[in-house]
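Going by mature numbering (1 follows the signal peptide of the UniProt record, and there is no 0), the letters in the sequence shown line up with residues -21 to -1, 1 to 103, in that order. Only one structure is covered here, and it is reproduced in the block below.
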Amino acid sequence: MNMKKIVLTVAAVMSMTMAFAAGENDNNNTTTNANAYKFNLSTYALSRALNLNYDQVDIVEDINRTFATDMMNASVADGSEREAKVQSAIKKDLSYMRYVLNDRQYREYVKLLNVTLNNRGLNK
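Here it is as C-alpha coordinates:
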(Lines of atoms letter the chains of each structure in order from A and count residues from 1; the text may use other names and numbers.)
(Lines give C-alpha, C1' and ligand atoms only; values in the text may rest on other atoms or scores of the structure.)
Protein backbone atom coordinates (compact mmCIF):
# COMPACT_ATOMS: atom_id res chain seq x y z
CA MET A 1 0.00 0.00 0.00
CA ASN A 2 2.81 2.43 0.87
CA MET A 3 4.64 1.60 -2.35
CA LYS A 4 1.50 2.37 -4.34
CA LYS A 5 1.20 5.81 -2.67
CA ILE A 6 4.85 6.58 -3.38
CA VAL A 7 4.52 5.64 -7.06
CA LEU A 8 1.33 7.70 -7.44
CA THR A 9 2.95 10.68 -5.69
CA VAL A 10 6.01 10.49 -7.95
CA ALA A 11 3.76 10.23 -11.02
CA ALA A 12 1.73 13.26 -9.89
CA VAL A 13 4.87 15.33 -9.23
CA MET A 14 6.32 14.36 -12.63
CA SER A 15 3.14 15.29 -14.49
CA MET A 16 2.92 18.65 -12.69
CA THR A 17 6.56 19.37 -13.49
CA MET A 18 6.06 18.50 -17.16
CA ALA A 19 2.95 20.69 -17.37
CA PHE A 20 4.81 23.60 -15.78
CA ALA A 21 7.76 23.18 -18.15
CA ALA A 22 5.45 23.07 -21.16
CA GLY A 23 3.76 26.28 -20.01
CA GLU A 24 7.13 27.99 -19.63
CA ASN A 25 8.12 26.94 -23.12
CA ASP A 26 4.87 28.34 -24.55
CA ASN A 27 5.49 31.66 -22.77
CA ASN A 28 9.03 31.84 -24.14
CA ASN A 29 7.81 31.15 -27.69
CA THR A 30 5.18 33.88 -27.37
CA THR A 31 7.75 36.39 -26.15
CA THR A 32 10.19 35.45 -28.89
CA ASN A 33 7.43 35.67 -31.46
CA ALA A 34 6.40 39.15 -30.27
CA ASN A 35 10.03 40.30 -30.35
CA ALA A 36 10.25 39.24 -34.00
CA TYR A 37 7.81 42.02 -34.86
CA LYS A 38 9.71 44.80 -33.06
CA PHE A 39 11.43 46.94 -35.66
CA ASN A 40 13.32 49.63 -33.82
CA LEU A 41 15.80 50.28 -36.60
CA SER A 42 18.71 52.62 -36.08
CA THR A 43 18.22 55.44 -38.55
CA TYR A 44 21.85 56.41 -38.13
CA ALA A 45 23.09 52.94 -39.09
CA LEU A 46 20.65 52.79 -41.98
CA SER A 47 21.70 56.23 -43.20
CA ARG A 48 25.34 55.15 -43.20
CA ALA A 49 24.60 51.86 -44.96
CA LEU A 50 22.53 53.58 -47.65
CA ASN A 51 24.57 56.80 -47.79
CA LEU A 52 21.48 58.98 -47.27
CA ASN A 53 21.51 62.75 -47.58
CA TYR A 54 20.08 64.97 -44.82
CA ASP A 55 16.62 65.24 -46.36
CA GLN A 56 16.38 61.49 -46.83
CA VAL A 57 17.36 60.79 -43.21
CA ASP A 58 14.32 62.60 -41.81
CA ILE A 59 11.92 60.99 -44.25
CA VAL A 60 13.38 57.49 -43.75
CA GLU A 61 13.08 57.93 -39.99
CA ASP A 62 9.35 58.68 -40.35
CA ILE A 63 8.88 55.73 -42.70
CA ASN A 64 10.66 53.41 -40.25
CA ARG A 65 8.48 54.63 -37.40
CA THR A 66 5.35 53.91 -39.47
CA PHE A 67 6.69 50.47 -40.42
CA ALA A 68 7.46 49.63 -36.79
CA THR A 69 3.91 50.61 -35.80
CA ASP A 70 2.40 48.53 -38.59
CA MET A 71 4.48 45.51 -37.59
CA MET A 72 3.46 45.81 -33.93
CA ASN A 73 -0.18 46.00 -35.05
CA ALA A 74 0.40 42.82 -37.05
CA SER A 75 1.93 41.10 -34.03
CA VAL A 76 -1.27 41.43 -32.01
CA ALA A 77 -3.55 40.37 -34.89
CA ASP A 78 -5.15 36.95 -35.08
CA GLY A 79 -3.13 34.27 -36.81
CA SER A 80 -5.36 34.30 -39.87
CA GLU A 81 -4.90 37.99 -40.56
CA ARG A 82 -1.38 38.40 -39.14
CA GLU A 83 0.34 37.27 -42.35
CA ALA A 84 -1.79 39.65 -44.42
CA LYS A 85 -0.96 42.56 -42.12
CA VAL A 86 2.76 41.76 -42.23
CA GLN A 87 2.72 41.61 -46.03
CA SER A 88 0.74 44.85 -46.19
CA ALA A 89 3.22 46.59 -43.87
CA ILE A 90 6.16 45.38 -45.95
CA LYS A 91 4.56 46.47 -49.24
CA LYS A 92 3.70 49.88 -47.81
CA ASP A 93 7.23 50.30 -46.43
CA LEU A 94 8.81 49.34 -49.74
CA SER A 95 6.55 51.66 -51.73
CA TYR A 96 7.43 54.60 -49.47
CA MET A 97 11.13 53.78 -49.62
CA ARG A 98 10.98 53.43 -53.41
CA TYR A 99 9.71 56.98 -53.61
CA VAL A 100 12.45 58.39 -51.34
CA LEU A 101 15.54 56.38 -52.29
CA ASN A 102 17.44 56.21 -55.56
CA ASP A 103 17.87 52.87 -57.37
CA ARG A 104 21.14 51.88 -55.69
CA GLN A 105 19.88 52.82 -52.22
CA TYR A 106 16.59 51.02 -52.78
CA ARG A 107 18.27 47.79 -53.89
CA GLU A 108 20.50 47.88 -50.81
CA TYR A 109 17.50 48.60 -48.55
CA VAL A 110 15.58 45.64 -50.00
CA LYS A 111 18.57 43.39 -49.28
CA LEU A 112 18.78 44.64 -45.69
CA LEU A 113 15.04 44.26 -45.13
CA ASN A 114 15.04 40.71 -46.55
CA VAL A 115 17.94 39.69 -44.32
CA THR A 116 16.18 41.17 -41.29
CA LEU A 117 12.89 39.45 -42.08
CA ASN A 118 14.65 36.13 -42.73
CA ASN A 119 16.57 36.34 -39.46
CA ARG A 120 13.33 36.94 -37.57
CA GLY A 121 11.48 34.17 -39.35
CA LEU A 122 8.92 36.52 -40.89
CA ASN A 123 9.82 36.06 -44.56
CA LYS A 124 7.95 33.04 -45.86
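Ideal placement from N, C-alpha and C gives every residue a C-beta, glycine not left out.
When Cβ pairs closer than 8 Å are counted between the two stretches, the stretch 54 to 63 is seen not to touch the stretch 81 to 98, the count staying below three. Here Gly100 carries a coil assignment [DSSP, helix/strand/coil].
A distance of 8 Å or more separates the beta carbons of Ile42 and Tyr88. One Cα belongs to Arg44, the other to Thr(-13), and the distance between them is close to 54 Å. The three-state reading of DSSP puts Lys17 in coil, since its state is none of H, G, I, E or B.
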